[in-house]
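Shown next, in structure tokens, is the structure this report addresses.
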Amino acid sequence: MLLSTDQHHVKVHRKSYSSINALIGKGFFVPVAKDDTIKGICPTATYRLQDKADIALLNDRTLTINGAPVNGCYAHVPSPAHNALVAGSPTYTAYPGLDQLLTSARTPTTYPDYLTALINEIVKEGAQPTRAAPMTTPSQQFRAQWLPDQTLLHLTAGGDYYCTLSFDVRFTRVSRVATPCAVGLDVGLSPIAALHYDDGRPQVFAATPLVRPDMQTLSCKGQALLDDITYASGRQDAEQVVRHLVYSASEVFAEHLRLGDMHRRYVFTSRDRALQDFHQSWLPQYLWAAKIPFFRVASGYTSTECPKCRHTSPNNRCRDHFRCQQCGFGGDAHLVAASNILRRGRRGKRR
């Protein structure tokens, strides 16, 4: 069994800033030195929760600290972490029937009007106490335990607060391919992941289509629930990629992408935010827990460079198709990118 510590950041809603300032003023959060191990946030100030503070998850959008609500999307974490949050929160409530609702949303034959009626009915029924995290994927390999005393708050230069939740993650290997291989990983929206192994094997993971009801037919609570369903669907797809990599990869190479490098659509919907979280945060932490080496390689031109003759041109790619204008090599543009990522990673390690 392998043990590691994962950290996940949740942006706090502005309406909770007064609560946070009051908690800091009362000494429930105390300033700490800048922690360079915290990735993805550049805070001007960081605060750690005091041991005497009482903290629990009330629902997927409300964390209570000494009775003060701190609102954010706390379900926007991997399944093991969400399960751990719920297990450590005896006051947690959720709408009943969410797992069946997610299944319906991921079933192409479901009518949008039926999904709308189902969402409205669930919201009308109201949240109920439960000890099981809804819309998560059970894992036999990854088990998390919430560490409430390691909760952090970060204040950014823009005046925003982020909450960092910490977890002990235990990894127990269930199965493993006989000969694991190095793999190049290209991430996106369609497909969400293309893999190229160093033995030449390709693997592509497509996003599950979602039935989308008209937002105008839903109440505010219904729209928030649909947002959670959409994120949970993206999480399921992303965690399928993780399971495959843990089973078959000896080391993983992916592009070093910043949000500014990504198309706006990549972070436009909840599903896309889940895939973004997967690439930027969950993937390296999952692989670290499984002791699978993970490396970032330089981004740029991965899908327009020919893996055969190295000729690079924007004309080599047309949407999802690749055709080298110099040597005629053709293939799937996403798999070409994964192949180039793998080559760059292996070349970088030899230097």
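Numbering (numbering that gives the first Met the number 0), first residue to last: 0 to 350. A virtual CB, placed ideally from N, CA and C, is assigned to each residue, including glycine.
Going by the CB atoms, is the gap between residue j and residue i shorter than 9 Å?
i    : j    : result
Y91  : L56  : yes
T115 : P212 : yes
T45  : L151 : yes
A332 : R309 : no
A67  : S18  : yes
A80  : A193 : no
I121 : L217 : no
N339 : S302 : yes
L282 : A253 : yes
L164 : T4   : no
What did DSSP end up calling residue i once you bin it into helix, strand or coil?
i    : result
T189 : Just to set this straight, residue 189 is Ser in the shown sequence, not Thr. Note: S189 maps to coil in three-state DSSP.
I228 : helix
L256 : coil
I285 : According to the sequence displayed, residue 285 carries Tyr and not Ile. Y285 falls in the helix class under three-state DSSP.
S298 : coil
I291 : coil
T108 : coil
N65  : coil
I54  : strand
K14  : helix
C41  : coil
V9   : strand
V173 : coil
A206 : coil
Q329 : Looking at the sequence itself, residue 329 is Gly, so the reference to Gln does not match. In this structure, G329 counts as strand in the three-state DSSP scheme.
V335 : helix
G71  : strand
Q49  : coil
Whole angstroms are fine: how far does the CA of residue j sit from the CA of residue i?
i    : j    : result
V176 : R242 : 12 Å
V11  : V76  : 14 Å
S354 : T178 : It is not possible to answer for residue 354, since the shown part of the chain is limited to 0 through 350.
T108 : V210 : 8 Å
K307 : E250 : 23 Å
N70  : V85  : 16 Å
F293 : R345 : 12 Å
P30  : Q49  : 10 Å
G183 : D226 : 31 Å
P137 : A181 : 26 Å
H262 : S298 : In this prediction, H262 has a pLDDT of 45, which is less than 50 and means its spatial position is unreliable; what the coordinates show is noted afterwards. Near 14 Å, if we compare the C-alpha coordinates of S298 and H262.
G259 : L244 : Here the model assigns G259 a pLDDT of 47, short of 50, so the residue's position is not dependable and the matter cannot be decided.
F204 : V240 : 7 Å
F166 : H7   : 9 Å
Write down the C-beta distance between residue i and residue j rounded to the nearest angstrom, noting that I regard them as a contact closer than 8 Å.
i    : j    : result
T155 : T43  : 6 Å
S232 : A104 : 7 Å
V173 : Q140 : 5 Å
Q144 : A83  : 6 Å
Segment contact, 8 Å Cβ cut-off, at least three pairs: the region 133-148 with the region 86-106
The count of Cβ pairs closer than 8 Å, one atom from the region 133-148 and one from the region 86-106, reaches three, so the stretches are in contact.
For the region 22-30 against the region 119-130, do three or more pairs of beta-carbon atoms, one drawn from each stretch, fall closer than 8 Å, so that the two count as touching?
By the C-beta criterion, the region 22-30 is judged not to be in contact with the region 119-130, since fewer than 3 inter-stretch pairs fall below 8 Å.
State whether the region 63-80 contacts the region 186-195, with contact taken as three or more CB pairs (one from each stretch) at a distance under 8 Å.
No: the two stretches stay apart, fewer than three of their Cβ pairs being nearer than 8 Å.
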